[in-house]
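Encoded as C-alpha cells, the structure appears first; notes follow it.
Chains as they are written, first to last, in UniProt numbering: chain A, 1 to 560; chain B, 1 to 172.
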C-alpha cells in the first residue's frame with residue numbers, strides 16, 4: 001500500500017498540480033536556454049533583442065510563479081493528506097481552486113506569448129516584477145490575480161482539513177508535515193496582502209484605463225512587500241523536504257522536532273518585513289526604514305543557519321546508521337546512488353553558496369556594488385533555481401511512485417540528472433556572480449556596450465570566459481531538464497505497477513514532539529505577531545507615499 | 001525544550017555572525033561614508049521643464065567655501081541626458097553630487113563596476129555624492145528593464161584632472 005491506494009482522490013489532485021508545474025518548467029526552462037545563448041551572443045537566431053524580453057517575462061513568470069506554486073500545491077496536498085490521514089474535505093472545492101489557478105495561468109501565459117506575434121496588441125513584456133508605468137494587457141494582471149486567489153483557496157482547504165482533524169484529535173500535537181504546511185501558508189497570507197492591494201487596487205483599474213496616471217514607487221513597494229516573502233514561499237517547501245524527507249533518504253531521522261517548528265515560526269514572523277532590502281537603491285524611502293529591513297534580513301540568517309545544522313546533523317546520523325565513521329569520512333557512506341537523495345543534498349550545498357552571496361545582497365551599502373547586476377540572477381539561480389527547483393525535481397523521484405503506484409524507470413538517467421544540474425549551475429552561476437562584480441547588468445538582451453567603445457573590467461577572469469561558462473552552463477541545464485522530464489514521463493506512463501513502488505516510511509525524529517513546548521503550535525499567536533511586525537515595518541513609509549494621493553506624482557503608462 | 005549542546009553552540013555562533021554583518025554595514029556608513037540614497041524629493045515627472053531638470057548637465061556650486069559640482073541627469077527611454085549623446089565630464093578629487101530622475105519609466109543609473117548605482121524612479125529624485133579619486137572613464141549602464149530597446153541605453157562619465165577641467169560647458 002502506498003499513497004495512491006490509501007488516498008486515491010488526493011493523489012489525483014497532487015498529480016494534476018504536478019502536470020501543470022512540469023509543463024511550466026519545460027517551457028520556462030527552454031526560454032532560459034534561449035536567453036543564455038542570446039545574451040552571451042553565442043547564438044541569436046531564435047528571437048530578436050526586442051522579443052528577448054517576452055521570453056524573459058515567460059521564463060520568470062512560468063518558473064518563479066507558476067512552476068513553484070503548482071508544485072508546492074501538489075506537495076502540500078500529499079503532505080496534509082498523509083499526515084492528517086484524511087482525504088480533502090470536499091473534492092468540488094479542491095478542484096475549483098485548481099482550475100481557477102489553471103485558468104489564471106493560461107490567461108497570463110497567453111498575454112506573454114502574444115508578444116511573439118508581430119504588431120500584437122496583446123503583450124505583457126513587463127518581466128515577473130511588472131513595474132509600472134510599463135503596462136501589460138489587463139488579462140495578464142487578472143490571470144495572475146486568479147492564481148493568487150486560487151492559492152489562498154488551496155491554503156484554506158488545508159486549514160479546513162486541519163480543523164476537521166482537530167475536532168477528532170483535540171489533544172494531539174500538529175503533525176510535523178501539516179505544521180510546516182500551515183505555517184508556510186500563514187506566511188503566504190501575510191505577504192500576498194501587498195500583492196493583492198497592488199494588483200487589484202492599482203494595476204487592474206489602471207490597465208483597464210479607469211485611471212490614467214500611476215505613481216511608480218507605490219506599486220513597486222507593494223510588490224516587494226510580497227516579493228521577498230515569495231522567495232520563502234518557494235524555499236520553505238524545499239526546507240519541508242529537507243526536514244521531513246531528506247533525513248529518511250540518508251538513512252536516518254530528523255534531528256529535532258522543536259527546532260523544525262521554531263525555524264518555520266521565525267520565517268512566518270520575519271519573511272515580510274524585510275521587503276525594503278530590494279529597494280536599497282530606491283529614492284523616496286528613508287534610510288532608516290532601509291536599515292530596519294537590513295537588520296531584519298540579517299536576522300533571517302538564523303533560521304537558515306539552523307536549517308544547515310539540522311540538515312547536516314540528520315545526514316550524519318543517517319550515514320552513521322549505514323556504518324559511516326569519523327568527522328568527515330561518513331560523507332562517503334551516504335546514498336550517492338539514489339537520485340532523490342543526491343538531488344536534495346546537492347541542492348543543499350548550492351543553497352549554502354547562494355546564502356553567502358545573499359549576505360552580500362543584504363549588506364545595505366555593499367549591495368550597491370551589485371544591485372541590478374547579473375550577480376543577482378546568479379544568486380537566485382542558486383537559491384530558487386537550484387535549492388528549490390532541484391529539491392523539487394529530486395523529491396519527485398520519491399513522490400511520483402507514491403502518487404502513481406509505479407516504479408521509477410531509467411534510474412541511471414535519473415541519477416545523472418541532479419549531478420548535471422549541479423554542474424551546469426556551477427558554471428553558469430559563478431560566471432554570473434563575477435560578471436556582476438564588473439557591472440554587467442541583469443535583465444538585458446545585449447549587455448555589451450555598443451556605442452561608447454567602453455568595456456566591463458572584470459576583477460577576476462575574462463569577459464569571454466564568463467560568457468562561455470554561462471552559455472555552456474545553460475546548455476547543460478537544458479539537457480538536465482530534458483533528462484528529468486524524460487524520466488518522469490516514462491515512469492508515469494510505463495513504470496512497473498507495484499503495491500509498494502518505493503519505501504515511503506518516514507521515521508520519528510531523534511528529539512521528538514514530546515520535547516516540544518505547546519506554545520509553538522499556537523497559530524493565532526504567531527500569526528498576530530507576524531501582522532504586528534508587518535505593520536511596524538510598512539505602515540509609516542506607505543503612509544508617506546500615499547499622503548499626496550494614491551496615484552500621484554503620476555506618470556503616464558508606456559507600452560511594454 | 002531539549003536543545004542539543006552542539007546546536008546551542010551553533011545558534012550562538014549564528015547570532016555572532018549576524019551581529020558582525022550588521023556591524024560591518026554600520027562601520028561602512030560611519031567610517032567609510034558608504035551611504036545609500038534616501039528620501040530626498042518628490043517631483044512631477046510630467047513637468048520636469050518647470051524644475052531644476054529643465055537644464056540638465058554639470059553645475060558649479062560653492063559649499064562651505066569649497067568648489068563642488070552638481071550633475072542633473074534625466075534617464076529616458078533609451079538615453080541618459082547628459083551621458084549618452086555627450087559624456088558627463090567632471091574633475092577628479094572633487095565632490096560631485098548626482099541628481100537623477102526619470103520622466104517616463106523606471107531606469108537604472110549604474111557606473112559599471114562601482115557603487116554609484118541607483119534606481120531612477122518617475123516622481124522621485126535620487127541624490128548621491130561621490131569623489132572620483134583619479135582621471136578615468138566610466139561606462140553608465142541602465143540596469144533596470146525599461147522597454148524594448150533597453151539594451152542600447154548606455155552612456156559615459158569622463159573624469160578629468162582638475163587642471164584640465166573645462167568650465168565653458170557648465171550649466172548656469
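Cβ atoms here follow ideal geometry from the backbone N, Cα and C, with glycine treated the same way.
Where residue i sits in the DSSP three-state scheme
i, result
"residue 69 of chain B", "strand"
"residue 99 of chain B", "strand"
"residue 368 of chain A", "helix"
"residue 406 of chain A", "strand"
"residue 437 of chain A", "helix"
"residue 279 of chain A", "coil"
"residue 42 of chain B", "strand"
"residue 496 of chain A", "coil"
"residue 134 of chain A", "strand"
"residue 467 of chain A", "helix"
"residue 35 of chain B", "coil"
"residue 1 of chain A", "coil"
"residue 26 of chain A", "helix"
"residue 76 of chain B", "strand"
"residue 357 of chain A", "helix"
"residue 151 of chain A", "helix"
"residue 401 of chain A", "helix"
"residue 445 of chain A", "coil"
"residue 136 of chain B", "strand"
Residues that DSSP places opposite residue i in a beta bridge
i, result
"residue 154 of chain B", "B:141"
"residue 108 of chain B", "B:119"
"residue 131 of chain B", "B:95"
"residue 126 of chain B", "B:100"
"residue 265 of chain A", "According to DSSP, which records beta bridges pairwise, residue 265 of chain A is partnered with nothing at all."
"residue 558 of chain A", "A:134"
"residue 89 of chain B", "B:158"
Nearest candidate by alpha-carbon position, reference residue i, set the options
i, options, result
"residue 400 of chain A", "A:39, A:502, A:135", "A:502"
"residue 163 of chain B", "B:105, B:92, B:56, B:111", "B:92"
"residue 8 of chain B", "A:305, A:45, A:170, A:134", "A:305"
"residue 421 of chain A", "A:376, A:388, A:208, A:289", "A:388"
"residue 149 of chain A", "A:176, A:179, A:195", "A:195"
"residue 95 of chain B", "B:111, B:59, B:80", "B:59"
"residue 256 of chain A", "A:249, A:265, A:243", "A:243"
"residue 7 of chain A", "A:165, A:449, A:328, A:79", "A:79"
"residue 392 of chain A", "A:369, A:47, A:71, A:40", "A:71"
"residue 11 of chain B", "A:263, A:331, A:531", "A:263"
"residue 52 of chain A", "B:72, B:84, B:150", "B:150"
"residue 89 of chain A", "A:105, A:101, A:155", "A:155"
"residue 108 of chain B", "A:475, A:479, A:439", "A:439"
"residue 78 of chain B", "B:117, B:140, B:97", "B:140"
"residue 252 of chain A", "A:315, A:311, A:225, A:273", "A:315"
"residue 41 of chain B", "B:146, B:72, B:132, B:125", "B:125"
First through last residue of the alpha helix (DSSP H) which encompasses residue i
i, result
"residue 244 of chain A", "229 to 244"
"residue 289 of chain A", "287 to 299"
"residue 20 of chain B", "5 to 31"
"residue 79 of chain B", "Here residue 79 of chain B belongs to no alpha helix (DSSP H); instead the beta strand (DSSP E) covers 79 to 81."
"residue 75 of chain A", "68 to 84"
"residue 387 of chain A", "Element bounds for residue 387 of chain A: n/a, residue is neither H nor E."
"residue 2 of chain B", "Taken as a continuous stretch (DSSP letters only), residue 2 of chain B belongs to no alpha helix (DSSP H), as it is neither H nor E."
"residue 94 of chain A", "91 to 113"
"residue 543 of chain A", "523 to 546"
"residue 59 of chain A", "52 to 60"
Continuous beta strand (DSSP E) stretch holding residue i: start and end
i, result
"residue 60 of chain B", "57 to 63"
Within 9 Å, strictly: CB atoms of residue i and residue j
i, j, result
"residue 127 of chain A", "residue 60 of chain A", "yes"
"residue 109 of chain A", "residue 560 of chain A", "no"
"residue 483 of chain A", "residue 428 of chain A", "no"
"residue 215 of chain A", "residue 155 of chain B", "no"
"residue 300 of chain A", "residue 267 of chain A", "yes"
"residue 75 of chain A", "residue 240 of chain A", "yes"
"residue 168 of chain A", "residue 220 of chain A", "no"
"residue 87 of chain B", "residue 137 of chain B", "yes"
"residue 250 of chain A", "residue 339 of chain A", "no"
"residue 545 of chain A", "residue 235 of chain A", "no"
"residue 45 of chain B", "residue 101 of chain B", "yes"
"residue 492 of chain A", "residue 410 of chain A", "no"
"residue 39 of chain B", "residue 284 of chain A", "yes"
"residue 507 of chain A", "residue 254 of chain A", "yes"
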